[in-house]
Amino acid sequence: HSIDDYAESVKDTTVSIGAITEGLLETIETDSLEETSMEIAERLTALANMMMGYQSLQDGNHEECVRRFTATLKITERIDVTFDRSETAHAAIAICKGMLGQRAEEQQHYEKAIAINPDYSVAYYGLGNHFYDTEQYAEAREFYDSALEKSYIDPLATDETVGRIHGAIGNLAYIDDDFEGAIDAYN
34 HSIDDYAESV KDTTVSIGAI TEGLLETIET DSLEETSMEI AERLTALANM
84 MMGYQSLQDG NHEECVRRFT ATLKITERID VTFDRSETAH AAIAICKGML
134 GQRAEEQQHY EKAIAINPDY SVAYYGLGNH FYDTEQYAEA REFYDSALEK
184 SYIDPLATDE TVGRIHGAIG NLAYIDDDFE GAIDAYN
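Just remember that my numbering sits 33 ahead of the position in the sequence shown, which is counted from 1.
What follows is the structure, encoded as structure tokens:
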């Protein structure tokens, strides 16, 4: 994992924050004042946890990152928020679990992210990294290839994401002594 993985997750935050806050004005217009106040408080708490989770991720405080994103997911489930970007929370938890050496949990959270959004290229890339880090190169290649394929339809995929995926594929080719394949992937 690299700081670029963290940066990519942080970029996804803005989409996630938008998903949580979406509908607040509708709620204000349609619900009682007490219900509205409670929902606003819950949504703001979820937002605060999400922002602090990403800050913890950037700061390298992986245990705090897991705690904050887990809290975000619990809150959004409790208030029945349509949180279309919850896969980003699972991906952030997966990154931190991996950094903490909790490989099984890392894999589970990437898989949850994919289950929520089968087109989320960052989660496929993360699983590729998971398998690369555990020297399961055939599985890593499968997920890197999927990440590259999904990057063309994933609205959250950036040129940086695609570049990192190509780099990872190149690294695998190099490991296999496929130097021409590595050069092609790096280009």
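Cβ atoms here follow ideal geometry from the backbone N, Cα and C, with glycine treated the same way.
Separation of residue j from residue i, as counted between CA atoms
i    : j    : result
I202 : A215 : 7 Å
E168 : R174 : 11 Å
Y200 : A206 : Note that residue 200 is Gly in the sequence shown, not Tyr. Taking the straight line from one Cα to the other gives about 10 Å.
M71  : A171 : 49 Å
D211 : R101 : 42 Å
Q91  : D217 : 32 Å
A148 : D209 : 31 Å
I73  : A190 : 30 Å
M84  : N220 : 35 Å
Q135 : S89  : 17 Å
H95  : E213 : 38 Å
E193 : S184 : 11 Å
T121 : N204 : 26 Å
For residue j and residue i, believed in contact at Cβ under 8 Å, the rounded distance
i    : j    : result
G161 : F176 : 4 Å
E139 : H163 : 6 Å
G159 : A127 : 6 Å
V155 : C129 : In fact, because the Cβ distance is near 14 Å, the residues do not count as touching under 8 Å.
E144 : I112 : About 25 Å; that fails the 8 Å criterion.
For residue i, three-class secondary structure by DSSP
i    : result
R101 : helix
T167 : coil
S35  : Caution is warranted here: a pLDDT of 46 is assigned to S35, below 50, making its placement in the model unreliable, and the coordinate value is therefore given only provisionally. It is coil, neither helix nor strand.
I149 : helix
G131 : helix
A218 : helix
A190 : coil
Y87  : helix
I112 : coil
G203 : helix
D209 : coil
N82  : helix
Is it true that the region 72 to 91 meets the region 99 to 110, where meeting means three or more beta-carbon pairs spaced less than 8 Å apart?
-> Judged by Cβ distances under 8 Å, the region 72 to 91 makes contact with the region 99 to 110, as three or more pairs qualify.
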